[in-house]
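S.K.: Residue numbers (this note's numbering): 7 to 403. The structure is given below, and queries will be raised subsequently.
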């Protein structure tokens, strides 16, 4: 096996977290080699929400204008009862996020965000190596060696594993740790707003809450498209690692059971769905779960979370910003720099993981718990729907 000498940072995984890490680090003057398993980017995916804690970082990287061209700016977050259709509470977003937190709240198609990051990485000069499967790594005193399926091994000063939920590098670091099936299935769809009746079009984020289910929809692509995701309880599919499977409206409606007329009409207007089995990891319990020597985990590889706080991509981007800051700190070894990254990130990531799980329980409540939820949101809507510790805290660009 030949050795490729790269005295640089190697990032494994070309998704949002990996590209964000490459951009953040190269802007700090580091040489970056990014390795991605797929031979070419397909730019697929569903919609995602980016809070001001995330958009302020993207703006600091010089990506604010590119993001603005593809994002939507929802006017408010609205919570509704999935059966009665009643509005439970609202939280203004447009303008309010900038005033309180210094950056906007946006919704965007994942593929569009990926393109923005990919282009940013290319402009900044990140080395992209596609079509390479990573088998693992081994470490020596002065460097870490990254092993591929091919005849070559790469060595570098540090390795950042951003290879996602089923991370190969995480399995090597934490042998017994695996993401587990949450018991929830996500049905996702994207439709053109022009194809919907006027009363079904939307310029806001709406969350419908019901027993063992919830539905979220919001605009993307400048408001031209509507992203929908319906969460139900269900059994783990046989091919659970194939996270993107065909589904149809009839299957979804059977899984959801009885819902109100308004929600039923909205779901029935969508002709086709894609189904995901949702997996997550337990909240992090220490910094040691994110770093080992010259190797650090990032994003889903470090802290897979349920999407019920809309922060999966956001935490990966925050991770990227912090790891770049730490690796550019003078007077420390690489191991000390990566340890500092993990120490700064693990508790916040764990808090988001735990809050996402709790949100799922609140969304899916029944009986007295659901009544209490509805009353609380009705009388304290903005106060309980806003998350100041999430949007106002975190890394400061």
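Each residue gets a CB set at the ideal place from its N, CA and C atoms; glycine is no exception.
Take residue 381 as the anchor and find which of 144, 42 and 86 has the nearest alpha-carbon.
M.R.: Out of 144, 42 and 86, 86 has the C-alpha closest to the C-alpha of residue 381.
S.K.: In angstroms with no decimal places, state the Cα-to-Cα distance between residue 4 and residue 325.
M.R.: This structure leaves residue 4 out entirely; the chain is present only between 7 and 403.
S.K.: Give the straight-line distance between the Cα atoms of residue 185 and residue 387, rounded to the nearest whole angstrom.
M.R.: Cα to Cα, the separation comes out at about 33 Å.
S.K.: Using the Cβ count rule (16 or more neighbours within 10 Å means buried), how would you classify residue 281?
M.R.: Residue 281 should be labelled buried.
S.K.: Should the region 109-124 be called in touch with the region 71-81, which here means at least 3 C-beta pairs below 8 Å?
M.R.: Yes, the region 109-124 touches the region 71-81.
S.K.: Excluding the 5 residues preceding and the 5 following residue 141 in the sequence, name in chain order all residues of the same chain whose CB lies nearer than 8 Å to its CB.
M.R.: Closer than 8 Å at Cβ, skipping near neighbours: 153, 154, 155 and 174.
S.K.: Taking just the CA atoms, how far does residue 196 sit from residue 27?
M.R.: Distance between the alpha carbons of residue 27 and residue 196: 28 Å.
S.K.: Excluding the five sequence neighbours on either side, which residues of its own chain have a C-beta within less than 6 Å of the C-beta of residue 103, listed in chain order?
M.R.: Result list for residue 103: 58, 110 and 111, in chain order.
S.K.: Between residue 347 and residue 302, how many whole angstroms is the CB-CB distance? I'm expecting something under 8 Å.
M.R.: The Cβ separation is near 6 Å, so the contact holds.
S.K.: Could you pull the DSSP bridge partners for residue 224 from this structure?
M.R.: Paired residues: 233.
S.K.: Look up residue 142 in the DSSP assignment and give the residues it is bridged to.
M.R.: Note: residue 142 sits in a beta bridge opposite 153.
S.K.: Which runs of the beta strand (DSSP E) at least 3 residues long sit entirely within the region 242-271? Give them in chain order.
M.R.: Listed in chain order, they are 251-254.
S.K.: When you compare only the Cα positions, how much space is there between residue 202 and residue 228?
M.R.: Each residue's alpha carbon lies about 16 Å from the other.
S.K.: Nearest-angstrom Cα distance between residue 62 and residue 396?
M.R.: One C-alpha to the other measures close to 13 Å.
S.K.: Are the region 32-41 and the region 207-227 touching, with three or more C-beta to C-beta distances below 8 Å?
M.R.: Short answer: they don't touch.
S.K.: Under the three-state reduction of DSSP, which class applies to residue 276: helix, strand or coil?
M.R.: Of the three classes helix, strand and coil, the one that applies to residue 276 here is coil, per DSSP.
S.K.: Taking the beta carbon of residue 295 as the centre, do at least 16 other beta carbons fall within 10 Å, making it buried, or is it exposed?
M.R.: So residue 295 counts as buried.
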